[in-house]
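Chemist: Each residue of the sequence shown is one higher than the one before, counting from 79 in the working numbering. No residue lacks a Cβ here, since even glycine has one placed at the ideal position from N, Cα and C. Attaching a single structure in structure tokens format; questions to follow.
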Amino acid sequence: MADLIVKAAVKEALADKNVASDFYDALDEEVAELLEDAARRAEENDRKTVQPRDL
């Protein structure tokens, strides 16, 4: 699977914190799961468009 997050953006958002190298993989997995859940909810509601309410 392609990376879903941009490491530079995460570093910038957490500018005053140190970020462990494995944090990015864990965050990417969380985002992938969030997207899968949202897509499932849209499909369960007979929609092909994922909307904010699916989150």
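Please determine, among Tyr-102, Arg-119 and Ala-117, the residue with the shortest C-alpha to C-alpha distance to Asp-81.
Modeler: Here the closest residue by C-alpha is Tyr-102.
Chemist: Along the alpha helix (DSSP H) that carries Leu-113, what are the first and last residues, could you check?
Modeler: Taken as a continuous stretch (DSSP letters only), the alpha helix (DSSP H) holding Leu-113 covers 99-122.
Chemist: How long is the line joining the alpha carbons of Leu-92 and Ala-86, rounded to whole angstroms?
Modeler: Rounded to whole angstroms, Leu-92 to Ala-86 spans 10 angstroms at the Cα level.
Chemist: Can you give me the Cβ contacts of Ala-117 inside the same chain, cut-off strictly under 7 angstroms, excluding the 5 residues immediately before and after it?
Modeler: So the qualifying residues of the chain are Val-128.
Chemist: Please state whether the Cβ-Cβ distance between Val-97 and Val-88 is less than 9 angstroms.
Modeler: Taking 9 angstroms as the Cβ cut-off, Val-97 and Val-88 qualify as a contacting pair.
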